[in-house]
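Input: a single structure, listed below in structure tokens.
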Amino acid sequence: PADFNQYNLKQSLITKTSGWNIRGGLRSSLNEWLRFGIALSLPYTIHVEEQHGTDEKLTFDNGDKSDATVTGYYDYKVHAPLIGDVGMALTSENLAISASLRFKDWGATEFNLNNISRSSDDYALLEEENSLLTFQYRSVVQLRFGVEYLKEFNDSFGITFRTGGGLIPSPDGDSKVDKSYTTIGLGIPIGNAIMLDAAYIFSQWEKKSRDWYTPAGATEEVQSDRLLVNFSYLF
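With UniProt numbering, letter number 68 in the sequence shown gets 68, and the count goes up by one each step, no holes.
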């Protein structure tokens, strides 16, 4: 409706997943400075349990209020597609430059219907979702790159500076909402056995959503800033 004054939406999702898959790879040194590697992750099945809750509060211009709370529990299995990786790294005494590509066919994702009765509503719903996944979702190639430089101040102390980024294309074939991120970081040794690593990650993307009161949908510009700090004890 167009005559509401305030709309508050609170959503919660608790997800438990389990599964196993087989991954393997090969790495080779083409020469003293250049390394090349490939990796393959075979398709596998993920068991998913979800507890979902939605709490809506709507206040109209005339002061009337409308509240709605919906909860649900879902238990299902999903077949995840094959993933292929290829990467290269150029290294020297103090400098390392790396880049990698990841291929993933999102259209091969599908719900497992083996243990669901063909006459049930759940079977018809998930079968329709599988058709939608095949039709709408696409294969994508993700790009990641990074640079690392070691600045030596003396024979026993140096600081490692890092920067990098990546582009994660949207799996939705009808959407051009791609996610990009940029990182900077450093590594500082503390004594002979402790390493401090810190990284700042900035990412941005568009998020499209819709609900009962905004059926036409809404587009949000999302930005995320994260600071990661890690201490390692070397022995």
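Even for Gly, the Cβ is constructed at its ideal location relative to N, Cα and C.
When C-alpha distances from Asp67 are compared across Thr134, His47 and Phe4, the shortest belongs to Phe4. For Val141, the pairing in a beta bridge is given by DSSP as Phe103. DSSP, reduced to helix, strand and coil, places Leu82 outside both helices and strands of the structure shown, so it counts as coil. The DSSP assignment places 139-154 as complete runs of the beta strand (DSSP E) inside the segment 115-165, in order along the chain (cut-off: 3 residues). Listed in chain order, the alpha helix (DSSP H) runs fully inside the segment 44-77 amount to none, counting runs of at least 4 residues. Contact between Thr17 and Ile38 fails: their C-beta atoms lie close to 27 Å from each other, not under 8 Å.
Note on Gly191: under 16 other CB atoms within 10 angstroms of its CB, so exposed under the neighbour-count rule. Inter-segment contact for the segment 89-104 and the segment 48-65 is absent: fewer than three beta-carbon pairs are separated by less than 8 Å. In this structure, Leu196 keeps its C-beta atom at 8 Å or more from the C-beta atom of Asp178. Here Leu95 is near Tyr149, since their CB atoms are less than 8 Å apart.
As DSSP reads the structure, Ser98 sits in a beta bridge with Ala89 and Gly146. Ser131 and His79 have their C-alpha atoms spaced approximately 14 Å apart. Going by C-alpha positions, Gly84 is about 26 Å away from Thr15.
The way I'd put it, the segment 145-161 doesn't touch the segment 113-132; fewer than three beta-carbon pairs between them come closer than 8 Å. In the displayed model, Ala108 falls within a helix according to three-state DSSP.
If the five residues before and after Thr163 are omitted, its C-beta is found closer than 6 Å to the C-beta atoms of Val147 and Ile184, all from its own chain and listed in chain order.
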